[in-house]
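Please read the structure below before turning to the comments.
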Amino acid sequence: IVVAASEIAKRSALFGALVVSLPLTSILAMVALFQDTRDANLVADFAESIIWLVIPSLVLFLVLPIMIRRGWSFEVSLLAGVLATMAAYALGVWSAQSISGLD
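The following block contains the structure:
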């Protein structure tokens, strides 16, 4: 998937992004969870938890291009994006637990 996305992105950044944005891992995990447990409510909780943690992952995709376009190197921009995303994940986990009561 990574190779396909990067090859497609050489021709079209938008379509390369489409490939990597597909929630393939989430879908496979939800199917496996349901097959193992037959518990649709557990799958619903899992899906809701994913939402709380997809939102923080977007921080990387905001920080990285902003910093690159402001003249920062790719490496520094990526590191800053990853660190900001880690902080956002911590906030996302706290929010999911505190606001939604997810564990």
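So for the sequence shown, this note's numbering puts the first residue at 97; every next one is plus one. By construction, the Cβ of each residue, glycine as well, lies at the ideal position given by its N, Cα and C atoms. Here the structure is a predicted model, which is why all the values come from computation and not from measurement.
Using CA atoms only, rank isn't needed, just tell me which of the options is closest to residue i.
i	options	result
S194	W148, I123, F111	W148
L154	V172, R165, A136, L179	L179
L120	M182, S108, I146	I146
S122	R107, V150, A109	V150
Can you give me the start and stop residues for the alpha helix (DSSP H) that residue i sits inside?
i	result
L114	109-117
R166	First-last for R166: undefined, no H or E at that position.
D132	120-133
CA-CA distance, residue i and residue j?
i	j	result
V116	L187	24 Å
L160	I97	21 Å
L129	L156	28 Å
P152	V99	25 Å
S169	L138	43 Å
M163	E103	24 Å
G167	T181	20 Å
A109	A101	9 Å
D135	S196	19 Å
Any heavy atom of the ligand FMN closer than 7 Å to the Cβ of residue i?
i	result
A176	Although the ligand FMN was asked about, the structure shown includes no ligands whatsoever.
Does the Cβ-Cβ distance between residue i and residue j come in under 8 Å?
i	j	result
A113	M126	no
L198	D132	no
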